[in-house]
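For reference, the structure discussed in these notes is given below.
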Amino acid sequence: MRISTLARMLPHPETVCVGADGHLYAGLALGSPQGRGPIVRIDPDDGTAQRFTDTGGRILGLARAEDGLVGCDVARAELVRISSDGTVTARIGTADGRRLLRPNGCVVDAAGGVWFTDSGTATAGEPTGSVCYAAPGESDTCRVAAADLVYPNGIGISPDGGTLYVSLTRDDTLLAFDVAGPGRLSGRRTVATGGALSAGPDGLTVAPDGTCYLAVTRGSRVVRITPDGRVDTLIEAPDLLRMPSHAALHGDRLLVPSLFGDTITAVDLAPSGVSAE
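As structure tokens, this is what we get:
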């Protein structure tokens, strides 16, 4: 497992995703991890970055869509749709007629619908979070698919589209739901809790073989959860990862942005020995 730094000098990268053009896209925060900032486009080979667009807020989750990107703008409390040229084409600020509170993680399903988490408040553990769904082409409001959650954060979908995974940051837990249809969930269950997930599970991605890779922010680690429920720590490196907030796949590499740093780390998942740069 080879570990290297892909990109540097990116202030507080929260998330990273692979666009349809093969470039990487990351949301940044200027000044502090809670600051507003642009989305940058990153060369996947040499890690050079250039400004792509700015929603006027702070992007947490970011995912590839058929015609560009979708993102969770926490500062404006909106799900945003962004075209391939960087134009913001839609801003969704309500779910079932109520204002979103803290849109956080997002993933696009095979039909083009967007599943995303609204973390809510959870200042004292109150269950004000939800999982929401924006149907393809929806541009004004969306629906709530699961409610009464305590700070849902990362989100991912299984390769067959039948299972939705959601991390609960305050509860150190990974949940799974059965996808019963567009915007409909059932069969809530706990996949893993505590142990390696302790200290703030955040963003996640699901590999083609069904394995979940989950960033644990305060633990400065990335955890691997196999489809049969086995949990192990893939990497734990506080000096390198600096409170990772997400994990995204790019081929055989796992990309890990450092929320409290300025780098994106690449972890080569191919079994070819262990080294670090």
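So that you can map any letter, position 230 of the sequence shown is 265 in my numbering, and since no number is skipped, the others follow by simple counting.
We put the CB at the ideal spot given by N, CA and C, even for glycine.
{"query": "With distances taken Cα to Cα, identify the nearest neighbour of residue 79 among 89, 105, 300.", "result": "300"}
{"query": "Taking 7 Å as the cut-off, is the beta-carbon of residue 152 closer than that to any non-hydrogen atom of the ligand MG?", "result": "Of the ligands one can find in the structure shown there are none, so the ligand MG has no counterpart to examine."}
{"query": "What would DSSP say about residue 227, mapped onto helix, strand or coil?", "result": "strand"}
{"query": "Out of curiosity, what's the CA-to-CA distance linking residue 218 and residue 171?", "result": "11 Å"}
{"query": "So, for residue 298: in the same chain, excluding its five sequence neighbours on each side, which residues have a beta-carbon less than 6 Å away from its beta-carbon?", "result": "40, 43"}
{"query": "What three-state label does DSSP hand residue 195 in the structure shown?", "result": "coil"}
{"query": "Could you tell me the boundaries of the alpha helix (DSSP H) in which residue 56 lies?", "result": "Careful: residue 56 lies outside any alpha helix (DSSP H) and carries neither H nor E."}
{"query": "Residue 63 by DSSP, collapsed to three states: which one?", "result": "coil"}
{"query": "Taking the beta strand (DSSP E) that residue 289 belongs to, which residues open and close that run?", "result": "288-292"}
{"query": "Just curious, the alpha helix (DSSP H) that residue 45 is in, first and last residue?", "result": "Here residue 45 belongs to no alpha helix (DSSP H), and DSSP marks it neither H nor E."}
{"query": "What is the DSSP secondary structure of residue 203, reduced to helix, strand or coil?", "result": "strand"}
{"query": "I need the straight-line Cα distance from residue 65 to residue 214, nearest angstrom please.", "result": "37 Å"}
{"query": "Taking DSSP's pairing of strands, which residues face residue 212 in a bridge?", "result": "199"}
{"query": "Below 8 Å CB to CB, which residues in the same chain sit around residue 311 once its five sequence neighbours on both sides are set aside?", "result": "With a pLDDT of 45 at residue 311, under the threshold of 50, the modelled position of this residue cannot be trusted, and the question is left open."}
{"query": "Do residue 232 and residue 251 come within 8 Å of each other at the CB atom, strictly closer than that value?", "result": "yes"}
{"query": "Under a three-way DSSP split, which group does residue 262 fall into?", "result": "coil"}
{"query": "Smallest Cα separation from residue 178: which of 127, 162, 45?", "result": "127"}
{"query": "Do residue 199 and residue 226 have their C-beta atoms within less than 8 Å of each other?", "result": "no"}
{"query": "What does DSSP give as the partner residue(s) for residue 255 in the beta ladder?", "result": "Residue 255 is not bridged to any residue."}
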